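Here's the structure we're looking at; comments come further down.
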Amino acid sequence: METCFFKTPLGIAQITGDENGISIISIADEGEISPEIPVVLQEGVTQLQDYFDGKRTTFDFKLNLKGTEFQQKVWQALLEIPFGKTCSYMDLSKKLGDVKAIRAVASANGKNPLWIVVPCHRVIGTDGSLTGYAGGLWRKKWLLEHENPSRKQELLF
């Protein structure tokens, strides 16, 4: 596994992966920037930088998601939420076929290992509120506004 750290508008991102794909992307408030980007991570870093520069709305580098079967289903459903759009945890539970699984869906959403790429930030409360985000609600708000600037006034924070 290779790892590198790079600067984003939201902090220092860590990206980890190998020839099988990217398995972790996370964010921290501080950290040391890597002097070099390993070859297996270059496409992921480039695409994330393009996203932050407003030049990319989808990602197509190879992913290597590791989780339970249920987590994988939730993460796959997250990948289907279009850029600039949101859905609620209830919507996601319904899509997966079990409205009673809303807490399990929220838990799997919170364990998403691929920040931004598997867009857990696009899941909001049924009332439109910004709920739960491992990277902090201010980052979630920033990402949603970045993807859909016209929503800026709509977001409840």
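Be aware that the sequence shown starts at 3, since it is given in the numbering used here, and climbs by one per residue. Cβ coordinates follow ideal geometry from the N, Cα and C atoms, glycine included. Quick caveat: nothing in here was measured; it's all calculated off a predicted structure.
*What are the boundary residues of the beta strand (DSSP E) that includes aspartate 20?*
Residue numbering aside, residue 20 sits at position 18 when the sequence shown is read from its first letter. From DSSP, the beta strand (DSSP E) with aspartate 20 extends over 13 to 20.
*Apply the 10 Å Cβ neighbour rule to asparagine 22 and answer buried if 16 or more other Cβ atoms are within range, or exposed otherwise.*
As a working mapping, residue 22 is identified with position 20 in the sequence shown. Residue environment: asparagine 22 is assigned as exposed (fewer than 16 neighbouring CB atoms within 10 Å of its CB, all protein chains considered).
*By the 10 Å Cβ neighbour count, where 16 or more other Cβ atoms means buried, how is lysine 142 classified, buried or exposed?*
The sequence position of residue 142 within the sequence shown is 140, counting from 1. Buried, because 16 or more other Cβ atoms sit within 10 Å of the Cβ of lysine 142.
_Let's test the definition: count the other Cβ atoms within 10 Å of the Cβ of glutamine 155 and tell me whether it reaches 16, buried, or not, exposed._
Within the sequence shown, residue 155 is the residue found at index 153, counting from 1. With a pLDDT of 48 at glutamine 155, under the threshold of 50, the modelled position of that residue is not reliable, and the figure given next carries that caveat. Flag for glutamine 155 reads exposed.
*asked:* If I follow the unbroken beta strand (DSSP E) through alanine 30, where does it start and stop?
replied: Within the sequence shown, numbered from 1, the residue matching residue 30 stands at position 28. Alanine 30 -> beta strand (DSSP E) spans 23 to 30.
*For the alpha helix (DSSP H) containing glutamate 147, list its first residue and its last residue.*
Indexing the sequence shown from 1 puts residue 147 at position 145. 139 to 149 is the extent of the alpha helix (DSSP H) around glutamate 147.
*Answer with buried or exposed for glutamine 78, where buried requires no fewer than 16 other C-beta atoms within 10 angstroms of its C-beta.*
Looking up residue 78 in the sequence shown gives position 76. A residue is called buried when at least 16 other Cβ atoms come within 10 angstroms of its Cβ; glutamine 78 does not meet this threshold and is exposed.
*How far does the beta strand (DSSP E) with glutamate 34 in it reach, from first residue to last?*
Stepping through the sequence shown from its first residue, residue 34 is reached at position 32. Neither: glutamate 34 is in no beta strand (DSSP E) and is coded neither H nor E.
*Which runs of the alpha helix (DSSP H), 4 residues or longer, sit entirely within the stretch 86 to 127?*
Annotation note: the stretch 86 to 127 contains the following uninterrupted alpha helix (DSSP H) runs of length 4 or greater, listed N- to C-terminal: 91 to 97, 104 to 112.
*When DSSP labels each residue in this structure, what does phenylalanine 159 get in the three-state scheme?*
Within the sequence shown, residue 159 is the residue found at index 157, counting from 1. Confidence is the limiting factor: at phenylalanine 159 the pLDDT is only 42, short of 50, which leaves the residue's position unreliable, though a coordinate-based value still follows. The three-state secondary structure of phenylalanine 159, taken from DSSP, is coil.
*proline 115, buried or exposed, once every other Cβ within 10 Å from all chains shown has been counted against 16*: Mapped onto the sequence shown, residue 115 falls at position 113. By the neighbour-count criterion, in which 16 or more other beta carbons inside 10 Å mark a residue as buried, proline 115 falls on the buried side.
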